[in-house]
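Residue numbers (our numbering), protein chains in the order written: chain L, 145 to 256; chain B, 28 to 138.
By construction, the Cβ of each residue, glycine as well, lies at the ideal position given by its N, Cα and C atoms.
Notes for the one structure printed next.
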Amino acid sequence: DTAVSQTPKYLVTQMGNDKSIKCEQNLGHDTMYWYKQDSKKFLKIMFSYNNKELIINETVPNRFSPKSPDKAHLNLHINSLELGDSAVYFCASSQMAGHGYTFGSGTRLTVV
Amino acid sequence: AQSVTQLGSHVSVSEGALVLLRCNYSSSVPPYLFWYVQYPNQGLQLLLKYTSAATLVKGINGFEAEFKKSETSFHLTKPSAHMSDAAEYFCAVSDWDDMRFGAGTRLTVKP
Numbered sequence: 145d146t147a148v149s150q151t152p153k154y155l156v157t158q159m160g161n162d163k164s165i166k167c168e169q170n171l172g173h174d175t176m177y178w179y180k181q182d183s184k185k186f187l188k189i190m191f192s193y194n195n196k197e198l199i200i201n202e203t204v205p206n207r208f209s210p211k212s213p214d215k216a217h218l219n220l221h222i223n224s225l226e227l228g229d230s231a232v233y234f235c236a237s238s239q240m241a242g243h244g245y246t247f248g249s250g251t252r253l254t255v256v
Numbered sequence: 028a029q030s031v032t033q034l035g036s037h038v039s040v041s042e043g044a045l046v047l048l049r050c051n052y053s054s055s056v057p058p059y060l061f062w063y064v065q066y067p068n069q070g071l072q073l074l075l076k077y078t079s080a081a082t083l084v085k086g087i088n089g090f091e092a093e094f095k096k097s098e099t100s101f102h103l104t105k106p107s108a109h110m111s112d113a114a115e116y117f118c119a120v121s122d123w124d125d126m127r128f129g130a131g132t133r134l135t136v137k138p
């Protein structure tokens, strides 16, 4: 029973398309996150939600829009995909500061 | 703002040798510090965490890390490397809002 699950695992799409990545956690955690990992493995936080409320919105193009229908789900919708959006996107969750994050296995997005 | 710096983007050791991965932090408040491991094509897995209870922290897979406030360091060690330890390792610092990661250190283990 996967704690943090993301779908799809791989996503190949053309420039200009709109796509969504879904994330669900069954740990009962209050906070969920989206991170982007680039080709050099650098991890950058994009968004943080606490109990469905947006807490962090880093400098991310407004083509990226997170949606949290409930505290167990945090989806990421991306409009007008660009080549530079190609990366691995990780969803994570945590109960509170100091407890560490539980990560999903990632979604590898390739824009062609 | 809090941040971590990992010294060395790539570390190579022989099987059975000591593993030492370096991490220095910058934080205006007592930090929460973490080490994560990422195997190829997988997500990050928590190895260990420091939350001010004890300066020497033991984690999974035989890894441990020591918090040294005077040196603002949180280096990760393992006495004897196994082939299965080959992976990317990330140091991270957290406050109440989010977690910031270092650039990662790729560990290679030679037979």
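Query                                                                                                                                                                             : Result
Based on DSSP bridge pairs, tell me the residues matched to B/Tyr63.                                                                                                              : B/Leu73 and B/Phe117
Determine, using beta-carbon pairs with one atom in the region 105 to 123 of chain B and one in the region 48 to 61 of chain B, whether at least three such pairs fall under 8 Å. : yes
Determine whether the beta carbon atoms of L/Leu253 and L/Asp229 lie at a separation below 8 Å.                                                                                   : yes
When you compare each of L/Met176, L/Thr146 and L/Phe247 to L/Asn219 by their alpha carbons, which one comes out closest?                                                         : L/Met176
Between L/Lys180, L/Lys184 and L/Val256, which lies nearest to L/Phe191 when the distance is taken from Cα to Cα?                                                                 : L/Lys180
Would you check if there are 3 or more beta carbon pairs closer than 8 Å linking the region 162 to 173 of chain L to the region 229 to 238 of chain L?                            : yes
Counting only beta-carbon atoms, is B/Thr82 nearer than 8 Å to chain L?                                                                                                           : no
Below 8 Å on the Cβ atoms is my guess for B/Gln72 versus L/Ser249; work out the distance and round it to an integer in Å.                                                         : Actually they are not in contact, since the Cβ atoms of B/Gln72 and L/Ser249 sit about 10 Å apart, beyond 8 Å.
Should B/Gln33 and B/Thr132 be called a contact, given that it needs their Cβ atoms to be closer than 8 Å?                                                                        : yes
Do you know offhand how far B/Ala150's Cα is from L/Lys163's?                                                                                                                     : Since the displayed chain B opens at 28 and closes at 138, residue 150 of chain B lies outside it and no answer follows.
Please decide whether B/Phe117 counts as near chain L, where near means a Cβ-Cβ distance under 8 Å.                                                                               : yes
Select from the region 233 to 248 of chain L all residues with a C-beta closer than 7 Å to any C-beta belonging to chain B, and list them in chain order.                         : Phe234, Ala241, Gly242, Gly244, Tyr245, Phe247 and Gly248
Give the DSSP bridge partners of L/Lys166, in chain order.                                                                                                                        : L/Thr151
So, with DSSP's three-state summary, where would you put L/His214?                                                                                                                : This sequence places Asp at residue 214 of chain L; His is not what is there. Of the three classes helix, strand and coil, the one that applies to L/Asp214 here is strand, per DSSP.
Less than 8 Å between the CB atoms is what I'm expecting for L/Tyr193 and L/Pro210, so what's the real figure, rounded?                                                           : 7 Å
Identify whether L/Met159 lies in helix, strand or coil by the three-state DSSP scheme.                                                                                           : coil
So, using beta-carbon positions, are B/Ala113 and B/Leu134 closer together than 8 Å?                                                                                              : yes
Is B/Ser30 helix, strand or coil by DSSP?                                                                                                                                         : strand
Closer than 8 Å, Cβ to any Cβ of chain L: which residues of the region 77 to 108 of chain B, in chain order?                                                                      : Thr78
In this structure, how does DSSP classify L/Asn206 when only helix, strand and coil are distinguished?                                                                            : coil
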